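Read top to bottom, the protein sequences are chains E and W.
Oh and the first sequence: position 177 is 177 in full-length UniProt numbering, straight run, nothing missing.
Oh and the second sequence: position 231 is 231 in full-length UniProt numbering, straight run, nothing missing.
Yeah, the Cβ is synthetic: ideal placement off N, Cα and C, and Gly gets one too.
Please read all numbers here as calculations on a predicted model, not as lab measurements.
2 protein chains.
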Amino acid sequence: MGVTIKDVARKAGVSISTVSKVIHDAPTISDATKKRVLEIMKELNYHPNIIARSFVSQSSYHIGLIMSLKKEDAFLNPYIYEIMGGIEEVARKNGYLLSIINTSTLSENPAELEKLIAQKRVDGLIIHLGGFDEKLTAVLNRADFPYVFIGRPNFATGASWVDINNAKAGEIATHHLVDQGCRCIAFIGDGVAIRHSICAARAEGYKNALQAMGYAVDERYIKDMKGTCENIPALLEELLGMDERPDGLVCSDNFIAFETLKYLQRKNIEVPGEMLLITFDNYPFAPYTMPPMSTVDIDVFELGVQSARAIINKLSNPGMTIQYSLLSPSLIIRESSARKITG
Amino acid sequence: MGVTIKDVARKAGVSISTVSKVIHDAPTISDATKKRVLEIMKELNYHPNIIARSFVSQSSYHIGLIMSLKKEDAFLNPYIYEIMGGIEEVARKNGYLLSIINTSTLSENPAELEKLIAQKRVDGLIIHLGGFDEKLTAVLNRADFPYVFIGRPNFATGASWVDINNAKAGEIATHHLVDQGCRCIAFIGDGVAIRHSICAARAEGYKNALQAMGYAVDERYIKDMKGTCENIPALLEELLGMDERPDGLVCSDNFIAFETLKYLQRKNIEVPGEMLLITFDNYPFAPYTMPPMSTVDIDVFELGVQSARAIINKLSNPGMTIQYSLLSPSLIIRESSARKITG
DNA sequence: GTCTATTAGGAAAACGTTTTCCTGAAATTA
DNA sequence: TAATTTCAGGAAAACGTTTTCCTAATAGAC
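Right under this line is the structure:
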């Protein structure tokens, strides 16, 4: 067992209370004593035993991140990796460690969540809303356990959340295509009609942008692949067969964008010559498609930072009012949406 | 404070020692008492306080995973996500939680690692070798702290590691191209000459396969992009200008493969018509390239599982001899390496 | 010089387990 | 029946902090 507070106390000729007070910089200790004790601490290379401290405070100094680790989901949210980076940084700076909990474990066996919080293995939870089961929030609420969401929940909850401003992102994408000369812009999504879904918000932004710029919104130009990529070719065929053929496409996610690109190539429709394309999230392969794909990018690291701050705030101040925050996206223009100046 | 062992003891009319012994299924407790105590435990919804248990055992019941969370590295190792899934599953089943520690935090400030292990915030470490600093292992060794590697370290260490069999993967890729009719196969990598690098191992496999099938290995057909994608066109130009022009390319990573594909398209060289292409890791976008990319895939989930087992073994059996394990890859054939049967 | 207020630091309990050693009762043996 | 062994369970210490309450010494006020 390493160096303990007792060793420091003995060597410094003070009581352990005094050492503890020095650690916490209590005002009732004289500067001289403080200095001496601090020196001894350094000399002995003393680190307070976190586990003992946990024991007293009954907190683990761990923040849990509930996220899906299912193989199939691995690349649905490519940015979760960066989110983790943001969380880890803030957590560490506040003395917390980041622990990962698999969403599917919990959905399959909600008792695991009960155990997790009964045993206080984490002090608070950040819940990434991919595949998270609404029912589980009931468990958390019953135990009055602190948590925040990444992503805007589409169910009632008393918890704070942080999200990216997908409506704004949709606006930016659409606005950009109009800027590039498009006069008829279609939207292809997956879950357009699902309340508070990422796709719905992006579609909303698409509509808002069109209206704001004085274009009519025609619902026939809004398509939904309904969960399966295989529907995309048919949707595109419909769009290309319309009286006024679209000259710009907003794809609500990368997979749609890539499938669309493939289809257009097969049909010998040039991008960006005849059709401009834009999507979201700046997926790492976006620069490597042919042509490279324009995206509306999100600072997901910041998403992690904000969510970590939110939960840590909540821990130190349990009565805190709930907060929502929406982060702004930015535009990354690549060839797929850039009209050649020449020609 | 929730239900404690005292509450259970009182209600069951036994001492806390007895309850503790029931929890650990000690043989000196009669079946009748055991049964009664277990019932009371269930009735009161008692969960042993892990923090108190940690306090006694001075272990945190957390496994740390050191991995790079730097933005730039996020997609270098797309499969780390799945690795985490494997680790989490094994860890949880053994009563551990998975904690994430950012490699760059530690390299920037090695004292963080000292603190981490002095405070016993994790019981053991799994180190993902991307960007991990060799010097840090000295800290671990000095403290006799248990750790294992994911990936084969290219420096001396007393620790176990698990890795994917990259040499075997290189063999499989090369063998497959020969099977498909290639007679001159080139290899493009990044770090061919770096000892124990992933790329070097794959190149080794490439050579072995060629030799095993009776082909000569010509070093002129082995190219290295030396850290920057911009070198790729020049390398390809060299290859295409050779007396015997290659009809198959083994690309040691996805970025090389995608850049290569782009180049070949610009030069109007048909894939798979005139050139077969194969790469590794089954990056999620591999099916979405034009044409879809063949890859040699790795069960990285299993990599996580094995690394977690290794560290947990080590924890329960500190004297354990170090172990190395190499996981076998499997072939996923897509259009980029499939000679049309017709024509 | 006495009384009070202030200051610096100490003593000890508490947190919930695990674990070692002990004890009393029952069972076995002689 | 007496001595011994076995068995089931209990008492208490220990783990390293934090924190509350207390005390002795000093300073200040009159």
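Of the choices the options, whose alpha-carbon is the least far from that of residue i?
| i | options | result |
| --- | --- | --- |
| W/L98 | W/S107, W/A111, W/S328 and W/I63 | W/I63 |
| E/T4 | E/P48, E/V250 and E/M293 | E/P48 |
| E/V300 | E/M84, E/N231, E/I51 and E/I50 | E/M84 |
| W/G158 | W/K314, W/L69, W/E335 and W/A286 | W/K314 |
| E/E270 | E/I150, E/G248, E/Y283 and E/P287 | E/G248 |
| W/S197 | W/I256, W/A138, W/E238 and W/G130 | W/G130 |
| W/K115 | W/L140, W/V22 and W/A338 | W/L140 |
| W/R92 | W/V192, W/M242, W/V305 and W/A26 | W/V305 |
| W/G181 | W/E89, W/T103, W/L69 and W/P246 | W/P246 |
| W/N45 | E/N282, E/K135 and E/A111 | E/A111 |
| E/A12 | E/K42, E/T137, E/P146 and E/N268 | E/K42 |
| E/N94 | E/S336, E/A308, E/T321 and E/P318 | E/A308 |
| E/S337 | E/E302, E/D25 and E/P272 | E/P272 |
| W/Y215 | W/M290, W/D179 and W/D133 | W/D179 |
| W/L106 | E/L113, E/E335 and E/E89 | E/E89 |
| W/E82 | W/N282, W/M320, W/L113 and W/G319 | W/N282 |
| E/Y206 | E/H128, E/Q265 and E/N165 | E/N165 |
| W/K70 | W/Y79, W/T103 and W/I150 | W/T103 |
| E/S68 | E/I101, E/S17, E/Y79 and E/E335 | E/I101 |
| W/I232 | W/I194, W/R195, W/L210 and W/F187 | W/F187 |
| W/N109 | W/F132, W/R339 and W/I87 | W/F132 |
| E/K120 | W/G2, W/M213, W/A212 and W/V14 | W/G2 |
If you draw a straight line from the C-alpha of residue i to the C-alpha of residue j, how long is it?
| i | j | result |
| --- | --- | --- |
| W/I66 | W/S316 | 21 Å |
| E/T28 | E/S20 | 12 Å |
| E/D7 | W/V8 | 36 Å |
| E/R152 | E/W161 | 6 Å |
| E/I117 | E/D144 | 10 Å |
| E/C184 | W/A286 | 32 Å |
| residue 344 of chain E | E/V148 | One cannot answer for residue 344 of chain E here, as it falls past the ends of chain E, which runs 1 to 343. |
| W/D224 | W/Y288 | 26 Å |
| W/Q323 | W/F155 | 16 Å |
| E/R53 | E/I23 | 12 Å |
| E/L326 | E/G170 | 14 Å |
| W/R220 | W/L240 | 12 Å |
| W/D123 | W/P318 | 12 Å |
| E/N254 | E/C229 | 11 Å |
| E/T321 | E/I126 | 17 Å |
| W/K267 | W/E244 | 18 Å |
| E/P284 | E/I80 | 13 Å |
| E/G189 | E/S252 | 5 Å |
| E/A167 | W/G86 | 36 Å |
| E/L303 | W/M242 | 50 Å |
Tell me the residue span of the alpha helix (DSSP H) that contains residue i.
| i | result |
| --- | --- |
| W/T228 | First-last for W/T228: undefined, no H or E at that position. |
| E/L116 | P110 to A118 |
| E/C251 | Segment G248 to C251 is the beta strand (DSSP E) holding E/C251; no alpha helix (DSSP H) there. |
| W/Y283 | Looking at the DSSP string, W/Y283 is not in any alpha helix (DSSP H), and its letter there is neither H nor E. |
| E/A26 | Neither: E/A26 is in no alpha helix (DSSP H) and is coded neither H nor E. |
| E/H176 | N166 to D179 |
| residue 416 of chain W | Since the first residue shown for chain W is 1 and the last is 343, residue 416 of chain W is missing from the structure and cannot be characterised. |
| E/L140 | E134 to R142 |
| W/T295 | No alpha helix (DSSP H) holds W/T295; the beta strand (DSSP E) holding it covers S294 to D297. |
| E/F55 | I50 to S57 |
| W/V37 | D31 to L44 |
| W/L261 | N254 to R266 |
What span of residues does the beta strand (DSSP E) with residue i cover, start to end?
| i | result |
| --- | --- |
| W/H62 | H62 to M67 |
| E/G86 | It is not in any beta strand (DSSP E) - E/G86 instead sits in the alpha helix (DSSP H) that spans I80 to K93. |
| E/V148 | Y147 to I150 |
Touch test, the region 30-41 of chain W against the region 26-37 of chain E, Cβ-Cβ under 8 Å, three pairs minimum: no
Interface residues of the region 104-138 of chain W facing chain E [CB-CB below 7 Å]: T105, K115, A118, Q119, K120 and R121
Below 7 Å between beta carbons is the criterion; list the residues of the region 236-262 of chain W that meet it against any residue of chain E, in chain order. F258 and K262
Between the region 272-289 of chain E and chain W, which residues of the former have CB atoms less than 7 Å from a CB of the latter, in chain order? P284, F285 and Y288
Using a Cβ-Cβ cutoff of 8 Å, what residues of the UniProt domain "HTH lacI-type" (3-57) of chain W are near chain E? List them in chain order. N45, H47, P48, N49, I50, I51, A52, S54 and F55
Residues in the region 83-94 of chain E with C-beta within 8 Å of chain W's C-beta atoms, listed in sequence order? M84, G85, E88, E89 and R92
Taking any Cβ of chain E, which residues in the region 308-325 of chain W have a Cβ under 8 Å from it, in chain order? none
Check whether the region 52-59 of chain E and the region 49-60 of chain W are in contact - that is, three or more C-beta pairs closer than 8 Å. Yes, the region 52-59 of chain E touches the region 49-60 of chain W.
For the 8 Å Cβ check, are there 3 or more pairs between the region 160-178 of chain E and the region 325-336 of chain E? yes
Can we say the region 292-309 of chain W touches the region 265-282 of chain W, given the rule of at least three CB pairs closer than 8 Å? Yes: at least three Cβ pairs fall under 8 Å.
The region 260-268 of chain E touching the region 230-243 of chain E, judged by at least three CB pairs closer than 8 Å: Yes: the two stretches touch, three or more of their Cβ pairs being nearer than 8 Å.
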